[in-house]
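Peer 1: Submitted below is the structure of interest, expressed as structure tokens.
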Ligand SMILES: CC(C)(COP(=O)(O)OP(=O)(O)OC[C@H]1O[C@@H](n2cnc3c(N)ncnc32)[C@H](O)[C@@H]1OP(=O)(O)O)[C@@H](O)C(=O)NCCC(=O)NCCS
């Protein structure tokens with residue numbers, strides 16, 4: 012991919028407090044993603060289309076997560092009607108989020124909730140018209156930078172992602188971004204991958 016193609020896009024984070032325009036864009040792109048790639052997500056269009064505005068607001072509440080999105084500098088004429096103003100989306104859930112819902116990592120992984128705090132990348136999606144232009148890689152790198160700024164190098168904090176075993180594109184993407192497998196969850200047919208937060212930044 013040429014750098015000029017990549018430079019047409021800007022990566023931003025949803026700010027706090029969340030403006031209504033951001034909330035509307037998030038809802039549009041998320042519902043479109045669930046309809047377009049239902050096998051890539053553990054949730055479903057049928058479930059989320061029933062969400063109230065309060066549920067959507069809590070979904071992007073910046074106190075427990077960062078949500079990065081990509082916009083195209085010359086507009087999204089070809090996709091605006093379908094998914095709003097954004098071309099791509101990625102959220103990173105923080106350790107506070109997992110404590111608040113008492114979530115524990117699967118016991119089959121080589122890393123454990125008992126020994127580690129963990130951030131998890133969720134909901135990565137790039138509009139089909141904007142794929143293979145480096146957007147996913149840029150969103151992941153923005154998330155890695157965000158996590159690195161929040162944690163000291165204590166060796167105890169992890170950045171993880173869960174990917175369906177059949178999603179070869181996403182597995183290849185995460186490998187290329189520096190993630191390594193830390194085990195599988197048979198019940199979800201998924202692979203968990205971890206990014207080496209303590210390695211020196213490139
Ligand atoms: C997977 C997905 C996020 C990739 O987004 P993208 O912006 O096209 O990815 P990038 O352009 O940043 O690609 C970076 C690398 O990922 C890998 N990759 C991306 N798409 C791929 C594909 N379709 N097949 C194989 N490898 C792929 C490649 O290694 C690529 O590097 P390269 O272009 O130098 O070969 C996108 O296809 C998508 O939204 N899929 C549906 C939703 C999904 O699967 N989300 C992940 C849930 S864990």
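In this note's numbering, the protein residues as written are 12 to 213.
Just so it is clear, CB atoms sit at the ideal spot from N, CA and C, and this is done for glycine as well.
For the beta strand (DSSP E) containing residue 176, list its first residue and its last residue.
Peer 2: If you look at residue 176, you'll find it isn't in any beta strand (DSSP E); DSSP assigns it neither H nor E.
Peer 1: Report whether the distance from the Cβ of residue 154 to the nearest heavy atom of ligand 1 is below 7 Å.
Peer 2: no
Peer 1: Count the other CB atoms, across all protein chains shown, that sit within 10 Å of the CB of residue 78; report buried if there are 16 or more and exposed otherwise.
Peer 2: buried
Peer 1: Quick one: measure Cβ to Cβ for residue 102 and residue 145, integer angstroms, because I've assumed they're closer than 8 Å.
Peer 2: With a beta-carbon spacing of about 19 Å, residue 102 and residue 145 fall beyond the 8 Å limit used to define contacts.
Peer 1: From the DSSP output, read off the bridge partner residues of residue 195.
Peer 2: 202
Peer 1: Taking contact to mean 3 or more Cβ pairs, one atom from each stretch, closer than 8 Å, check whether the stretch 109–122 and the stretch 140–160 are in contact.
Peer 2: Inter-segment contact for the stretch 109–122 and the stretch 140–160 is absent: fewer than three beta-carbon pairs are separated by less than 8 Å.
Peer 1: For residue 125, count neighbouring C-beta atoms within 10 Å of its own C-beta (all shown protein chains included) and say buried if the count is 16 or more, exposed if not.
Peer 2: Under this definition residue 125 is an exposed residue.
Peer 1: Can you determine whether any heavy atom of ligand 1 sits closer than 7 Å to the C-beta of residue 187, and answer yes or no?
Peer 2: yes
Peer 1: For chain C, find out if any of its Cβ atoms is closer than 8 Å to the Cβ of residue 205; answer yes or no.
Peer 2: Of the protein chains in this structure there is only one, and it is not chain C.
Peer 1: Should residue 112 be labelled buried (16 or more other beta-carbon atoms within 10 Å of its own) or exposed?
Peer 2: exposed
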